[in-house]
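Below: one structure, written as C-alpha cells.
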Amino acid sequence: MLSTIVFCEERVIAHSGRNVAEVLARTLASLVTAKIEGVLCDVCIAGPAGQEIHMLANHAGCSLAEAEQERDWLWIALQAARRQDVFLLRCGFAPEAGFIEEAQGLLKANAKVSQAASLRSAPCGFLERVFPSLSPVAGLIASRDDLLRASPCGFQKLARRLAPGTTLRTHARQIF
C-alpha cells in the first residue's frame, strides 16, 4: 500500500481560475477506487495555509499539511506519511483507468519501491503526442526517504532530482 500526498501547487491553482477546494475535491474523487482496491493507504493534502482546505480534508477523512511555502507543506506531508512508499500526486490531475493495476504490479514486483516511477500527464498537444516524454510529470511513486533526500522543492524540480527509472504506461488527465 502507498501513502498518498495530494500536492497543491501555488502556480497551478492560481492558473486554473477555479476554487482550490473544487479542484482538490475532483482530484480526491479520482482516488476513491484505488483506496477501495487497497492500493492507497492514508491520504494527506499538502497545501497553502489560509486556503480553507481544512474543511475538505476533514470531510474527506484526509490529514492536512499546511504551511506558507510550497517546499514546507511538502516536507510536513512527507514526514507525516504512514508508509515508506509514497504516491505523490499533483492537485488537478486524476489517474486514468489502468493505474490501479499498474501500481499493484509495481508494488508486487518490489516489496519496497526501490526506484522512483513517474505518472505523466496525458499528452495535450502535438509535440507531447509525438514525444510523450515532453508531457509533464503529474505523479510520482517513490520511497519517502528518497523524496526527503531530494530536498523537497517544487514538484517538477523534485521529479527531475529523483530521475524516475520507470514511467507508468497509464497517464493522469488534467481536470482543471
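So in our numbering, the last one in the sequence shown is 206, and the numbering has no gaps at all.
Glycine included, each C-beta is placed from N, C-alpha and C at the ideal position.
Task: Pair within 9 Å by beta-carbon distance, Leu170 and Ala189 - done: Locating residue 170 in the sequence shown gives position 140, where the first residue counts as 1. Locating residue 189 in the sequence shown gives position 159, where the first residue counts as 1. Yes, the pair counts as a contact, with Cβ atoms nearer than the cut-off.
Task: Where the beta strand (DSSP E) through Ala76 begins and ends - done: Residue 76 sits at position 46 when you count from the first residue of the sequence shown. Residues Leu70 to Pro78.
Open item on the list: If I measure Cβ to Cβ from Gly195 and keep anything under 6 Å in the same chain, skipping five residues before and after, which residues do I get?
Closed with: Stepping through the sequence shown from its first residue, residue 195 is reached at position 165. Answer for Gly195: Gln145, listed in chain order.
Task: Cys154 burial status per 10 Å Cβ neighbour count (16 or more: buried) - done: As a working mapping, residue 154 is identified with position 124 in the sequence shown. Classification of Cys154: exposed, given that the 10 Å Cβ count is below 16.
Task: Meets three-Cβ-pair contact criterion under 8 Å: the region 155 to 162 and the region 170 to 186 - done: no
TODO: Would you check if the distance between the CB atom of Phe206 and the CB atom of Ala168 is smaller than 9 Å?
DONE: Against the sequence shown, residue 206 aligns to sequence position 176. Against the sequence shown, residue 168 aligns to sequence position 138. Not in contact: Phe206 and Ala168 (Cβ atoms no closer than 9 Å).
TODO: Within its chain, find whatever has a CB closer than 8 Å to the CB of Leu32; leave out the 5 residues flanking it on each side and keep chain order.
DONE: Mapped onto the sequence shown, residue 32 falls at position 2. Counting only Cβ-Cβ distances below 8 Å, and skipping sequence neighbours, we find Val69, Leu70, Cys71, Arg113, Asp115, Val116, Phe117, Ala133, Leu137 and Ile171.
Task: Cα-Cα separation between Arg120 and Phe37, rounded to whole angstroms - done: Stepping through the sequence shown from its first residue, residue 120 is reached at position 90. Stepping through the sequence shown from its first residue, residue 37 is reached at position 7. Each residue's Cα considered, the two are about 5 Å apart.
Open item on the list: Restricting to runs no shorter than 3 residues, where is the beta strand (DSSP E) found entirely within the region 118 to 154?
Closed with: 123 to 125 and 147 to 151
Task: Limits of the alpha helix (DSSP H) - the one that Leu208 falls within - done: Residue 208 is absent from the structure shown; the chain starts at 31 and stops at 206.
Task: Whole-angstrom C-beta distance between Phe129 and Ala64, which should lie under 8 Å - done: Along the sequence shown, one-based indexing puts residue 64 at 34. Along the sequence shown, one-based indexing puts residue 129 at 99. That pair is a contact at about 7 Å.
Open item on the list: Buried or exposed, going by whether 16 or more other CB atoms sit within 10 Å of the CB of Gly80?
Closed with: In the sequence shown, residue 80 corresponds to position 50, counting from 1. Per the 10 Å Cβ criterion, exposed.
- [ ] In the DSSP assignment, find the beta strand (DSSP E) that holds Phe37 and state where it starts and stops.
- [x] Reading the sequence shown from its first residue, position 7 is the one you call residue 37. Looking at the DSSP string, the run of the beta strand (DSSP E) that includes Phe37 is Leu32 to Phe37.
- [ ] Quickly, what does DSSP pair Ala172 with across the bridge? List them, please.
- [x] Your numbering for residue 172 matches position 142 in the sequence shown. Answer by DSSP bridge pairing, in chain order: Val116.
Task: Nearest candidate by alpha-carbon position, reference Pro166, set Gly77, Arg203, Arg56 and Leu54 - done: Within the sequence shown, residue 166 is the residue found at index 136, counting from 1. Considering only alpha carbons, the answer is Arg203.
TODO: Measure the alpha-carbon distance for His201 versus Ala193 and round it to whole angstroms.
DONE: Counting from one through the sequence shown, the residue named residue 201 turns up at place 171. Counting from one through the sequence shown, the residue named residue 193 turns up at place 163. So the alpha carbons of these two residues sit roughly 18 Å apart.
TODO: Using only alpha-carbon positions, find the residue among Arg199, Ile75 and Asp102 that is nearest to Gly91.
DONE: The count along the sequence shown starts at 1 and reaches residue 91 at position 61. Here the closest residue by C-alpha is Ile75.
- [ ] Kindly say whether Phe129, judged by its beta-carbon, lies nearer than 9 Å to any beta-carbon of chain C.
- [x] The chain inventory of the structure shown lacks chain C, comprising one protein chain alone.
- [ ] Measure the C-alpha to C-alpha separation of Arg159 and Leu54 and round it to an integer number of angstroms.
- [x] By one-based count along the sequence shown, residue 159 stands at place 129. By one-based count along the sequence shown, residue 54 stands at place 24. Rounded to the nearest angstrom, the two C-alpha atoms are 27 Å apart.
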